[in-house]
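Chemist: Pasting in a structure now, in structure tokens, and then I'll have a few things to ask.
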């Protein structure tokens with residue numbers, strides 16, 4: 164080392180001893196030092212050159228080029244702090260802790276040059292207004308972006324390969340654990356945790372027909388069992404709904420929110436259970452009730468034949484004698500609630516216990532199961548066709564436009580198959596209650612559950628009658644829906 168070099172180094176150390184340093188720490192991914200560890204390393208390094216740390220900024224997230232800089236609050240705050248003149252130097256653990264994109268680096272470099280502040284990383288201080296330091300930092304920036312590209316491509320390839328093989332990817336689901344190789348420690352597979360899987364299966368059993376229990380009640384009852392089984396995280400209504408409607412719990416591999424094939428892991432629920440749960444819990448007519456519990460069987464379900472508006476229950480005032488009745492807002496009709504409810508209930512139960520109803524709904528259910536399996540297999544074939552076509556495109560000399568046209572057409576077919584799969588699923592509520600024991604099951608339902616069954620099973624209209632009174636006609640017209648419409652029996 165020449166005397167001039169030694170003198171320049173001493174000069175830099177003397178200057179560094181007078182500087183106020185800012186530490187910026189960021190965790191990029193698994194295996195990286197945490198922001199806290201980076202801060203410790205920074206304080207030791209700055210202390211070794213005689214500097215003082217005046218502020219620390221942290222971001223516990225990736226700074227990949229696909230993430231906006233504005234989302235990194237610590238980075239933005241650090242830049243404003245320096246530009247305001249509150250610091251004389253910037254320290255990061257490594258070059259790519261400050262950025263992993265060349266555009267991002269250019270802004271950082273301009274800030275250091277315009278503010279005349281040195282940037283220290285990897286044990287060396289760079290004064291970017293000097294050409295030699297700027298060239299070295301530029302080379303590091305190019306290498307950092309190349310490394311980012313390599314990591315992104317590797318991650319994408321890993322995801323694509325996992326999708327093709329049907330292997331799990333991402334965060335381990337509640338109720339599952341990773342089985343590792345005893346020698347290498349590498350993950351082999353994911354399997355259900357028996358005690359936790361039993362709680363999830365019990366929840367599904369209670370939510371599905373014939374019990375049709377509310378999610379809130381099921382989650383409240385089973386939370387102690389979930390905690391006893393060592394379950395991690397909440398088991399509240401929101402978490403339970405997410406579990407019961409997640410295809411992965413039926414052993415189905417998804418990609419970007421769509422089922423692409425059967426997975427390689429054991430499902431806690433069957434595909435049939437999953438499809439019935441989705442049909443039940445995602446039904447628009449099944450909404451969380453906010454307010455008082457309903458007290459009448461068909462209020463806001465039945466409609467008036469005259470004005471086509473829904474009817475609601477009304478109780479006579481003290482000054483007027485009478486009994487509770489259904490009426491529309493315009494007052495076109497008025498029928499006794501007790502008489503209407505009894506009639507609707509009896510017609511419904513007779514329909515549901517009729518042998519033809521059971522045969523019809525069971526046939527629909529069987530057809531739906533077969534159709535779901537067929538559509539899943541068809542979707543997997545279409546996705547495989549895309550992969551094969553894209554691989555062969557280079558050898559056949561097809562243009563990018565031709566490849567894009569083919570892929571777009573096949574993706575349209577995939578979306579159509581997914582819609583057919585959804586449409587093939589029968590009504591799980593009606594299929595679960597139909598049969599000779601319907602009256603016993605019905606007696607155990609609360610008002611919300613009964614109204615849900617009625618809403619799915621029939622359309623109800625209330626019409627005016629010529630004579631009113633205890634022995635007048637009911638004045639109710641019932642139109643069965645779904646498979647019930649084919650049952651040959653007198654119902655009105």
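In our numbering, the protein residues as written are 164 to 655.
We put the CB at the ideal spot given by N, CA and C, even for glycine.
Just to confirm my understanding: we take residue 660, look at its own chain, exclude 5 residues before and 5 after, and list those with CB closer than 8 Å. What are they?
Modeler: Outside the shown range of the chain, which is 164 to 655, sits residue 660, and nothing can be said about it.
Chemist: Quick one: using the 10 Å Cβ neighbour count with 16 as the cut-off for buried, is residue 248 buried or exposed?
Modeler: Position 85 of the chain shown, counting from 1, holds the residue named residue 248. Answer is exposed; the Cβ neighbour count stays below 16.
Chemist: How about residue 302 and residue 358: do their beta carbons lie closer than 8 Å?
Modeler: Stepping through the chain shown from its first residue, residue 302 is reached at position 139. Stepping through the chain shown from its first residue, residue 358 is reached at position 195. No.
Chemist: Spatial neighbours of residue 504 within its chain, please: CB distance less than 6 Å, with the 5 preceding and 5 following residues excluded, ordered by chain position.
Modeler: Residue 504 sits at position 341 when you count from the first residue of the chain shown. Same-chain partners within the cutoff: 460.
Chemist: Give a yes or no on contact between the region 358-368 and the region 382-397, applying the rule of three or more CB pairs nearer than 8 Å.
Modeler: Touching, yes, given that three or more Cβ pairs across the two stretches are closer than 8 Å.
Chemist: For the region 563-576 against the region 333-348, are there 3 or more C-beta pairs whose distance is under 8 Å?
Modeler: Contact between the region 563-576 and the region 333-348 is absent, because fewer than three Cβ pairs lie under 8 Å.
Chemist: Per DSSP, what kind of secondary structure is residue 188 in: helix, strand or coil?
Modeler: Walking along the chain shown from the start, residue 188 turns up at place 25. The answer is strand: DSSP assigns residue 188 an E or B state.
Chemist: Classify residue 477 as helix, strand or coil using the three-state DSSP reduction.
Modeler: In the chain shown, residue 477 corresponds to position 314, counting from 1. Residue 477 falls in the strand class under three-state DSSP.
Chemist: Quick check: what's the CA-CA separation for residue 437 versus residue 423?
Modeler: Numbered from 1 along the chain shown, position 274 holds the residue referred to as residue 437. Numbered from 1 along the chain shown, position 260 holds the residue referred to as residue 423. Answer to the nearest angstrom: the Cα atoms are 15 Å apart.
Chemist: By Cβ distance below 8 Å, which residues in the same chain neighbour residue 202 in space, the five residues on each side in sequence not counted?
Modeler: For the purposes of this step, residue 202 is identified with residue 39 of the chain shown, where counting begins at 1. Contacts found: 186, 188, 219 and 221.
Chemist: So residue 474 and residue 466 are in contact, right, with Cβ under 8 Å, and what is the actual spacing, rounded?
Modeler: Residue numbering aside, residue 474 sits at position 311 when the chain shown is read from its first letter. Residue numbering aside, residue 466 sits at position 303 when the chain shown is read from its first letter. Indeed they touch by this definition, with Cβ atoms about 7 Å apart.
Chemist: Name the DSSP bridge partner or partners of residue 218?
Modeler: Here residue 218 refers to the residue found at position 55 when the chain shown is read from its first residue. Answer is 185.
Chemist: Thinking just about the alpha-carbon of each residue, which of 432, 408, 429 and 428 is nearest to the one in residue 421?
Modeler: As a first step, residue 421 must be located in the chain shown, where it is residue number 258. Residue 421 has its Cα closest to that of 408, out of 432, 408, 429 and 428.
Chemist: Quick one: is residue 205 buried, meaning 16 or more other Cβ sit within 10 Å of its Cβ, or exposed?
Modeler: Numbered from 1 along the chain shown, position 42 holds the residue referred to as residue 205. Residue 205 is buried by the Cβ-count criterion.
Chemist: Which first and last residues belong to the alpha helix (DSSP H) in which residue 436 is found?
Modeler: What you label residue 436 is simply residue 273 of the chain shown in a count that begins at 1. Where residue 436 is concerned, the enclosing alpha helix (DSSP H) stretches over 434-444.
Chemist: Rounded to whole angstroms, what's the CA-CA distance from residue 463 to residue 606? Just pull it up for me.
Modeler: Against the chain shown, residue 463 aligns to sequence position 300. Against the chain shown, residue 606 aligns to sequence position 443. C-alpha separation (whole angstroms): 22 Å.
Chemist: Could you pull out every unbroken beta strand (DSSP E) segment of at least 3 residues lying fully inside the region 261-312, listed in chain order?
Modeler: Complete beta strand (DSSP E) runs here, min 3: 282-284 and 287-289.
Chemist: Please report how far the alpha carbon of residue 387 lies from the alpha carbon of residue 601, in whole angstroms.
Modeler: Along the chain shown, read from residue 1 onward, the residue named residue 387 stands at position 224. Along the chain shown, read from residue 1 onward, the residue named residue 601 stands at position 438. Each residue's Cα considered, the two are about 32 Å apart.
Chemist: Could you check the C-alpha separation between residue 284 and residue 335 for me, to the nearest Å?
Modeler: Translated into the one-based positions of the chain shown, residue 284 becomes position 121. Translated into the one-based positions of the chain shown, residue 335 becomes position 172. C-alpha separation (whole angstroms): 36 Å.
Chemist: Indicate the three-state DSSP secondary structure (helix, strand or coil) for residue 469 in the structure shown.
Modeler: For the purposes of this step, residue 469 is taken as the residue at position 306 of the chain shown. Coil, per DSSP.
Chemist: What are the residues that DSSP puts in a beta bridge with residue 421?
Modeler: By one-based count along the chain shown, residue 421 stands at place 258. DSSP output for residue 421 lists 418 as bridge partner(s).
Chemist: May I have the straight-line CA-CA distance separating residue 200 from residue 255, to the nearest angstrom?
Modeler: Counted from its first residue, the chain shown places residue 200 at position 37. Counted from its first residue, the chain shown places residue 255 at position 92. One C-alpha to the other measures close to 12 Å.
Chemist: Could you give the first and the last residue of the continuous alpha helix (DSSP H) run that contains residue 375?
Modeler: Locating residue 375 in the chain shown gives position 212, counting from the first residue. No alpha helix (DSSP H) contains residue 375, which DSSP labels as neither H nor E.
Chemist: Measure the alpha-carbon distance for residue 519 versus residue 625 and round it to whole angstroms.
Modeler: As a working mapping, residue 519 is identified with position 356 in the chain shown. As a working mapping, residue 625 is identified with position 462 in the chain shown. Whole-angstrom Cα-Cα distance: 27 Å.
Chemist: By the 10 Å Cβ neighbour count, where 16 or more other Cβ atoms means buried, how is residue 506 classified, buried or exposed?
Modeler: Stepping through the chain shown from its first residue, residue 506 is reached at position 343. Residue 506 comes out buried.
Chemist: Output needed for residue 241: all residues of its chain with C-beta closer than 7 Å, excluding positions within five of it in sequence on either side, in chain order.
Modeler: The count along the chain shown starts at 1 and reaches residue 241 at position 78. Contacts found: 185, 187 and 220.
Chemist: From what residue to what residue does the beta strand (DSSP E) around residue 238 run?
Modeler: Taking the first residue of the chain shown as position 1, residue 238 is located at position 75. First-last for residue 238: 236-246, but that is the alpha helix (DSSP H), not the beta strand (DSSP E).
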